[in-house]
Amino acid sequence: MYHRMIQDQQQNPLLPGYSFNAYLVAGMTPILADGPLDFAIDRPGGMKGYILNLTVKGQGKVFDGEDTFYCNPGDLLLFPPIARHLYSRSANADSWYHRWVYFRPRAYWADWLEWHTKTRDVGRLSLPNNTLLLEFDRLFANIEQTQKSGRRFCEELGMNLLERLLLRAMEEDPQSPQKIMDPRVIEACQFITGNLAGELRIDEVARHVCLSPSRLAHLFREQVGINILRWREDQRVIRAKLLLQTTQESIATIGRVVGYDDQLYFSRVFRKRVGVSPSDFRRRSVEINYPAKPYKSHPWPEHENAVAYHF
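Numbering (the numbering used here), first residue to last: -12 to 298.
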C-alpha cells in the first residue's frame, strides 16, 4: 500500500498533489495571464520548509490590504515555515516568471535565514542591478539542474549550491551583519553531516578543520548553541525522519544509515527526541501526506486545497 501511494503521487511540483518530503526541490514557475498556472496561492499555515523566490520577469503581487507589495525582476523573497503564502501574478503585468527553491535548512544556516527587511515574516531583498539578477538567476538554475540531474549525491550538491546562494544574499544585504558563523565551524558541520553513520571523534573533526579539540568545542558551542555530540544527534534524527517519510527501508536499516547499529537504542533516542517511535512517526506521515482520497491531476485548481502545491 505504501509503495502504491508513492507511485501514484503527483511528480510535477507545479501541479496539485505534489508532496514536498525532501530536503530540496527547485524549479521555475512561468505564469502567463489566463494561462493554466494563473491562479492565486493561499497557504494560511505556510509549509514545512522554507521557500526562496526570485522574480526574473513580469510582476507578482504578495498579500492583500495594507501589507500588499509587488515583486519585480531582481526581487528576492524568503518564506519561512511560519509565514502565510498569499501571492499571484500582478494585475498590472501580463506575466510573472519566478524561480524558487523549497528546502529544509541545515542547522547551522539559522543566522543566514534571518533577513532584516520583512513583511509579515516574509524576508525581502532587492538586487540593485541586472548583473546581479543574472548571477542569482544562474545560481537558482544551477540548483534546479543539479537537484534534477539524478547524479549520485545530487541532493547534497544542490544543498551546497543553495548554501552559496544564501551567503550571496547575505553579502548583498546592506543590513546583514559584517561577520557570520566562523567558516571552520561551518566546515565542521559539513564534515559531521557527511559522516553521520560513523563514530567521528571530536579530535578527528578538530583535525579536519585545523583546530585543537578544546578550541573547536568552545567555538562550536559559542556559535551553534549546543555541543558537537548533541548537534550530531540532532542531525541523525532529522535525517532519520526524512528517510522514514520518503523511503520504505526498515527501521533497523534507517538506524544504521544514521549511525545507530542497535535498533532498540535508535528507537529509544528517536522517541526521546520526537515524542513517538519511528514506526508511529512513519505511519502518521503516511496518513498526513497521502490521504485516502487522492487529488485529481488538473493543470489548474478545482478547490482550495489544490493551490497548496503551485509555486
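All C-beta atoms, glycine included, are put in the ideal place defined by N, C-alpha and C. Every value quoted in this text rests on a predicted model; they were computed, and no experiment measured them.
Do the CB positions of residue i and residue j come within less than 8 Å of each other?
i: Gln134; j: Val245; result: no
i: Leu154; j: Val88; result: no
i: Gly45; j: Tyr74; result: no
i: Pro265; j: Ala227; result: yes
i: Leu19; j: Asn40; result: no
i: Leu183; j: Arg223; result: yes
i: Gln210; j: Asp160; result: no
i: Tyr95; j: Pro67; result: no
i: Gly110; j: Trp102; result: yes
i: Met15; j: Arg86; result: yes
i: Leu229; j: Phe268; result: no
i: Ile189; j: Ile215; result: yes
i: Gly61; j: Leu24; result: no
i: Lys48; j: Thr42; result: no
Along the chain, where does the beta strand (DSSP E) that runs through residue i open and close?
i: Pro200; result: From DSSP, Pro200 is part of no beta strand (DSSP E) but of the alpha helix (DSSP H) over Pro200 to Val211.
i: Leu63; result: Asp62 to Phe66
i: Leu41; result: Tyr37 to Gly45
i: Ala13; result: Leu11 to Leu19
i: Phe56; result: Phe56 to Cys58
Quick check on residue i: does DSSP put it in helix, strand or coil?
i: Tyr252; result: helix
i: Gly137; result: coil
i: Asn276; result: Residue placement at Asn276 is flagged as unreliable, the pLDDT there being 46, under the threshold of 50; a coordinate-derived value is accordingly withheld.
i: Tyr84; result: strand
i: Ser266; result: helix
i: Val196; result: coil
i: Thr106; result: strand
i: Val306; result: Nothing about residue 306 can be read from this structure; the chain reaches only from -12 to 298.
i: Arg71; result: coil
i: Arg91; result: coil
i: Arg30; result: strand
i: Arg155; result: helix
i: Arg188; result: coil
i: Leu100; result: helix
i: Leu24; result: coil
i: Leu112; result: strand
Whole-angstrom Cβ separation of residue i and residue j, contact assumed at under 8 Å?
i: Leu126; j: Arg151; result: 7 Å
i: Ala156; j: Leu112; result: 6 Å
Nearest by alpha-carbon distance to residue i: which of the options is it?
i: Leu206; options: Ile173, Gly110, Asn147 and Asp81; result: Ile173
i: Lys259; options: Ala78, Gly110 and Glu220; result: Glu220
i: Asp81; options: Ala70, Arg93, Cys197 and Gly22; result: Gly22
i: Cys197; options: Ile213, Asn214, Leu112 and Phe178; result: Phe178
i: Val261; options: Thr240, Tyr252 and Ile225; result: Ile225
i: Phe90; options: Phe257, Arg30 and Tyr10; result: Tyr10
i: Arg76; options: Gln235, Asn59, Ala239 and Trp218; result: Asn59
i: Pro31; options: Phe50, His72 and Thr240; result: His72
i: Pro92; options: Ala193, Glu236 and Cys176; result: Cys176
i: Asp29; options: Val43, Arg270, Ala70 and Thr42; result: Ala70
i: Gln235; options: Ser272, Ser163, Asn147 and Arg255; result: Ser272
i: Asn147; options: Ser163, Gly181 and Thr233; result: Gly181
What residue range is occupied by the uninterrupted alpha helix (DSSP H) comprising residue i?
i: Leu229; result: Ile215 to Thr233
i: Glu174; result: Pro170 to Thr180
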